[in-house]
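This report refers to the structure that appears directly beneath it.
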Amino acid sequence: EAGVTQFPSHSVIEKGQTVTLRCDPISGHDNLYWYRRVMGKEIKFLLHFVKESKQDESGMPNNRFLAERTGGTYSTLKVQPAELEDSGVYFCASSQDPTSGYTDTQYFGPGTRLTVL
Amino acid sequence: QKEVEQNSGPLSVPEGAIASLNCTYSDRVSQSFFWYRQYSGKSPELIMSIYSNGDKEDGRFTAQLNKASQYVSLLIRDSQPSDSATYLCAVIPSDYKLSFGAGTTVTVRA
Numbered sequence: 009e010a011g012v013t014q015f016p017s018h019s020v021i022e023k024g025q026t027v028t029l030r031c032d033p034i035s036g037h038d039n040l041y042w043y044r045r046v047m048g049k050e051i052k053f054l055l056h057f058v059k060e061s062k063q064d065e066s067g068m069p070n071n072r073f074l075a076e077r078t079g080g081t082y083s084t085l086k087v088q089p090a091e092l093e094d095s096g097v098y099f100c101a102s103s104q105d106p107t108s109g110y111t112d113t114q115y116f117g118p119g120t121r122l123t124v125l
Numbered sequence: 006q007k008e009v010e011q012n013s014g015p016l017s018v019p020e021g022a023i024a025s026l027n028c029t030y031s032d033r034v035s036q037s038f039f040w041y042r043q044y045s046g047k048s049p050e051l052i053m054s055i056y057s058n059g060d061k062e063d064g065r066f067t068a069q070l071n072k073a074s075q076y077v078s079l080l081i082r083d084s085q086p087s088d089s090a091t092y093l094c095a096v097i098p099s100d101y102k103l104s105f106g107a108g109t110t111v112t113v114r115a
């Protein structure tokens with residue numbers, strides 16, 4: 009079974025440009041999460057989809073970040089315009105069953121390392 | 006106060022020794038506790054989950070949870086060089102989103 013995949017693995021852009029990150033969850037997983045780790049800090053939650061619906065986007069830093077999950081399959085996270093402080097590693101995770109609550113295991117992708125110059 | 010705090014490390018242990026990793030959390034209503042292992046440049050990989058007070062063993066790994074003290078630990082017995090990685094403590098306070106500690110880097114010396 010394929011794991012969570014993310015594309016690209018690295019992205020280097022200039023301040024003010026737009027970048028779109030993609031996440032493909034494990035097939036059949038309804039839950040999809042985005043997390044971010046900035047240099048020297050903990051991994052922080054950004055948002056949570058259940059199928060195509062945003063369940064919780066309380067961690068999104070500001071309105072320069074837009075996440076979508078059309079059709080409840082893959083998700084994209086767009087940063088527009090990018091700022092220096094957006095640099096970090098963006099992780100996607102997926103889990104199977106939204107009804108299993110606290111015991112639902114989240115499987116992580118390898119992350120996208122974003123560098124904003 | 007951080008939601009999840011780990012002993013800062015790095016932690017260096019000789020091969021065959023026990024590595025002990027500690028984690029405390031601030032939200033008393035937290036329900037679920039996880040240890041992830043992350044090799045450099047790779048995805049965090051779940052190695053242990055624990056939901057009830059006490060010990061949970063899986064191979065060379067033992068997780069210990071004490072909700073009264075808001076404390077969770079991970080013991081790695083018979084440490085191997087392949088155990089060298091960053092270990093992330095993660096907690097689900099009250100919903101689905103994980104709160105992570107900063108991680109502890111473990112190096113096992115051959």
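Residue numbers (the numbering used here), protein chains in the order written: chain A, 9 to 125; chain B, 6 to 115. Ideal Cβ positions, reconstructed from N, Cα and C, are used throughout, including at glycine.
Neighbours of G117(A) across chain B, judged by C-beta separation under 8 Å: S48. Within the same chain, P98 and S99 come within 7 Å of V34(B) by CB-CB distance, once the 5 residues on both sides are set aside. Non-local beta-carbon contacts of G21(B) in its own chain, meaning distances under 7 Å to residues more than five positions away in sequence, involve D83 and S84 in chain order. Annotation for R44(A): K52, L54, G96 and Y98 place their beta carbon closer than 6 Å to its own, counting only its chain and skipping 5 residues before and after.
For the stretch 14 to 43 of chain B, residues whose beta-carbon sits nearer than 7 Å to a beta-carbon of chain A comprise Q36 and S37. Look at the stretch 49 to 70 of chain B: the residues with a C-beta under 8 Å from a C-beta of chain A are P49, E50, L51, S54 and Y56. When Cβ pairs closer than 8 Å are counted between the two stretches, the stretch 42 to 54 of chain B is seen to touch the stretch 112 to 121 of chain A, the count reaching three or more. Listed in chain order, the non-local C-beta contacts of E76(A) below 6 Å within the same chain comprise T84, local neighbours out to five positions each way being set aside.
Residues of chain B whose Cβ lies closer than 8 Å to the Cβ of H37(A) do not exist, since the nearest Cβ in that chain is about 13 Å away. For V77(B), the enclosing beta strand (DSSP E) covers residues Y76 to I81.
In the three-state DSSP reduction, T78(A) falls in the helix class (H, G or I). Setting aside the 5 residues that flank it on each side, S89(B) is surrounded in the same chain by V111, T112 and V113, each with a C-beta closer than 7 Å to its C-beta; the list follows chain order. Note: T67(B) is bridge-paired with E62(B) and L80(B) in the DSSP secondary-structure output. Within the same chain, Cβ atoms closer than 6 Å to the Cβ of P89(A) are found at G24, the five residues on either side in sequence being excluded. Neighbours of I34(A) in chain B, taken as residues whose beta carbon is under 9 Å from its own, are absent, since the nearest beta carbon is some 12 Å off. A straight-line Cα-Cα distance of about 13 Å links S31(B) and S37(B).
Between the C-alpha atoms of G67(A) and T109(B) there is a straight-line separation of about 24 Å.
Think of a sphere of 7 Å around the beta carbon of H56(A): the chain B residues whose beta carbon falls inside it are Y101 and K102, in chain order.
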